[in-house]
């Protein structure tokens, strides 16, 4: 886990030094997460090469109530479930999926 | 013909059943998920279902297709309703048919279990005292979903 975090930071610095273009993504919140945050959608700018984990860290770093989001919430990128280390691209739709309860 | 949809209006169960069945099928099953009047001993007056519809529709279709591959029958229909539901309302209807009963039971069970594991739908229970709470759900697992996809191929 430590190694993973390290590589993410390295990529962040790469982004700043070599390409520098921020990645703007649309974060969506449903059900309990929407109620918690009081918002359905947010546009978030991230450094180039940022991953799902980086987006979560950026949001949680904003303090309450964002810091109540799970450390590793389930997310869908462009409507497909994604892992925490998935790299985000400009315009990606990143949905935070609370535990599901269909049926 | 495989059918999967997310709807806002009440589900016509006869219509769901009519979507399956073929001359070669000796077994037809209809499963209905319904809103019940209690949760953990607490009286419930109704339920609000919410979905991430742009994702839920394709995920539901994917689940139906996987069930079809498992059973070898393309007679699978599943409809999930969202919005405000009352006690006794049908929240989900699953109809399947196949030449023999084992495949139909398996496909029907597979669809409802996968819905509970990964369909991006949430429900809020409304209680008689006016309070309401999101029902504790299941964390969908990205890895498990891709494994299920590979396994179904």
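Protein chains in written order, with the working numbering: chain A, 1321 to 1423; chain B, 294 to 446. C-beta: ideal position from N, C-alpha, C; glycine also. Because the structure is a prediction, the values reported are computed rather than measured.
Paired residues, beta bridge with residue 342 of chain B - DSSP:
In the second chain, counting from the first residue as 1, residue 342 of chain B sits at position 49. BP columns for residue 342 of chain B point to B/376 and B/416.
Helix or strand or just coil, what does DSSP make of residue 1417 of chain A?
Here the question's residue 1417 of chain A lines up with position 97 in the first chain. In the structure shown, residue 1417 of chain A sits in coil (DSSP, three-state: anything other than H, G, I, E or B).
My understanding is that residue 1395 of chain A touches residue 412 of chain B, with C-beta atoms under 8 Å, so please give their C-beta distance in whole angstroms.
In the first chain, the residue the question calls residue 1395 of chain A occupies position 75. In the second chain, the residue the question calls residue 412 of chain B occupies position 119. The Cβ separation is near 16 Å, so there is no contact.
Around the C-beta of residue 1415 of chain A, are 16 or more other C-beta atoms found within 10 angstroms, so that it is buried, or is it exposed?
Translated into the one-based positions of the first chain, residue 1415 of chain A becomes position 95. By the neighbour-count rule (16 or more Cβ atoms within 10 Å), residue 1415 of chain A is buried.
Near residue 431 of chain B, which residues of its chain fall below 7 Å by C-beta distance, leaving aside the five closest residues on each side in sequence?
Your numbering for residue 431 of chain B matches position 138 in the second chain. Once the five neighbours on either side are set aside, the close Cβ partners of residue 431 of chain B are 409 and 410.
Which residue comes first and which comes last in the alpha helix (DSSP H) that contains residue 426 of chain B?
Along the second chain, read from residue 1 onward, the residue named residue 426 of chain B stands at position 133. From DSSP, residue 426 of chain B is part of no alpha helix (DSSP H) but of the beta strand (DSSP E) over 425 to 427.
Neighbouring residues, chain A, relative to residue 295 of chain B (Cβ below 8 Å)
Within the second chain, residue 295 of chain B is the residue found at index 2, counting from 1. Result: empty, since nearest Cβ-Cβ is about 18 Å, beyond 8 Å.
Closer than 7 Å by C-beta to residue 332 of chain B: which residues in its own chain qualify, once you throw out the five before and the five after it? Chain order, please.
In the second chain, the residue the question calls residue 332 of chain B occupies position 39. Around residue 332 of chain B: 418.
Can you have a look at residue 421 of chain B and say buried or exposed, based on whether 16 or more other CB atoms are within 10 angstroms of its CB?
The residue given as residue 421 of chain B occupies position 128 in the second chain. When all chains shown are included, residue 421 of chain B counts as exposed.
May I have the straight-line CA-CA distance separating residue 395 of chain B from residue 360 of chain B, to the nearest angstrom?
Your numbering for residue 395 of chain B matches position 102 in the second chain. Your numbering for residue 360 of chain B matches position 67 in the second chain. Their Cα atoms are separated by approximately 13 Å.
Excluding sequence positions up to five away, which residues of its chain have a Cβ less than 8 Å from the Cβ of residue 341 of chain B?
As a position in the second chain, residue 341 of chain B is number 48, starting the count at 1. If we look at residue 341 of chain B and ignore the five residues flanking it on each side, its Cβ neighbours are 376, 377, 378, 416, 417, 419 and 425.
Does DSSP put residue 356 of chain B in a helix, a strand or coil?
Mapped onto the second chain, residue 356 of chain B falls at position 63. Residue 356 of chain B falls in the helix class under three-state DSSP.
Could you list the residues in the segment 340 to 371 of chain B with a C-beta less than 7 Å from some C-beta on chain A, going in chain order?
343, 345, 347, 348 and 351
So if DSSP puts residue 336 of chain B in a beta bridge, which residue, or which two residues, is it bridged to?
By one-based count along the second chain, residue 336 of chain B stands at place 43. Answer is B/331.
Measuring alpha carbon to alpha carbon, tell me which of B/428, B/382 and B/435 ends up nearest residue 305 of chain B.
Residue numbering aside, residue 305 of chain B sits at position 12 when the second chain is read from its first letter. Answer by Cα proximity: B/382.
Please classify residue 317 of chain B: is it buried, with 16 or more other beta-carbons within 10 angstroms of its beta-carbon, or exposed?
Numbered from its first residue, the second chain carries residue 317 of chain B at position 24. Looking at its Cβ environment, which holds fewer than 16 other Cβ atoms inside 10 Å, residue 317 of chain B is exposed.
Looking at chain A, is there any beta carbon in it that lies within less than 8 Å of the beta carbon of residue 431 of chain B?
As a first step, residue 431 of chain B is located in the second chain; it is residue number 138 there, counting from the start. With 8 Å as the cut-off, residue 431 of chain B counts as an interface residue toward chain A.
Taking the alpha-carbon positions, what's the residue 388 of chain B to residue 303 of chain B distance?
The residue labelled residue 388 of chain B in the question sits at position 95 within the second chain. The residue labelled residue 303 of chain B in the question sits at position 10 within the second chain. Distance between the alpha carbons of residue 388 of chain B and residue 303 of chain B: 16 Å.
Would you grab the beta carbon distance between residue 1355 of chain A and residue 1366 of chain A for me? Rounded to a whole angstrom, and I think it's under 8 Å.
Your numbering for residue 1355 of chain A matches position 35 in the first chain. Your numbering for residue 1366 of chain A matches position 46 in the first chain. About 25 Å; that fails the 8 Å criterion.
Mind pulling the chain A residues with CB within less than 8 Å of residue 411 of chain B?
The residue you call residue 411 of chain B lines up with position 118 of the second chain. Going along chain A in sequence order, the residues near residue 411 of chain B (Cβ under 8 Å) are 1401 and 1420.
Using only the alpha-carbon positions, how far apart do residue 423 of chain B and residue 336 of chain B sit?
For the purposes of this step, residue 423 of chain B is taken as residue 130 along the second chain, with counting starting at 1. For the purposes of this step, residue 336 of chain B is taken as residue 43 along the second chain, with counting starting at 1. Their Cα atoms are separated by approximately 11 Å.
At 7 Å on the CB atoms, spell out the chain B contacts of residue 1351 of chain A, in chain order.
Your numbering for residue 1351 of chain A matches position 31 in the first chain. By Cβ distance, chain B contributes 343, 415 and 427.
Using the rule of at least 16 other Cβ atoms within 10 Å of the residue's Cβ for burial, across every protein chain shown, is residue 385 of chain B buried or exposed?
The residue given as residue 385 of chain B occupies position 92 in the second chain. It counts as buried.
Residue 441 of chain B versus residue 397 of chain B - alpha carbon distance
The count along the second chain starts at 1 and reaches residue 441 of chain B at position 148. The count along the second chain starts at 1 and reaches residue 397 of chain B at position 104. Per-residue confidence for residue 441 of chain B stands at a pLDDT of 47, beneath the threshold of 50, marking its modelled position as unreliable; no derived number is given.
Just mark residue 348 of chain B as buried or exposed, buried being the case when its beta carbon has 16 or more other beta carbons within 10 Å.
On the second chain, position 55 is the one that residue 348 of chain B refers to. Result: buried.
Is the shortest distance between the beta-carbon of residue 307 of chain B and the beta-carbons of chain A less than 8 Å?
As a position in the second chain, residue 307 of chain B is number 14, starting the count at 1. For residue 307 of chain B, the answer is no, since every Cβ of chain A falls outside 8 Å of its Cβ.
Among B/343, B/300 and B/369, which one has its Cα closest to the Cα of residue 311 of chain B?
Along the second chain, read from residue 1 onward, the residue named residue 311 of chain B stands at position 18. Of the listed residues, the one whose Cα sits closest to residue 311 of chain B is B/369.
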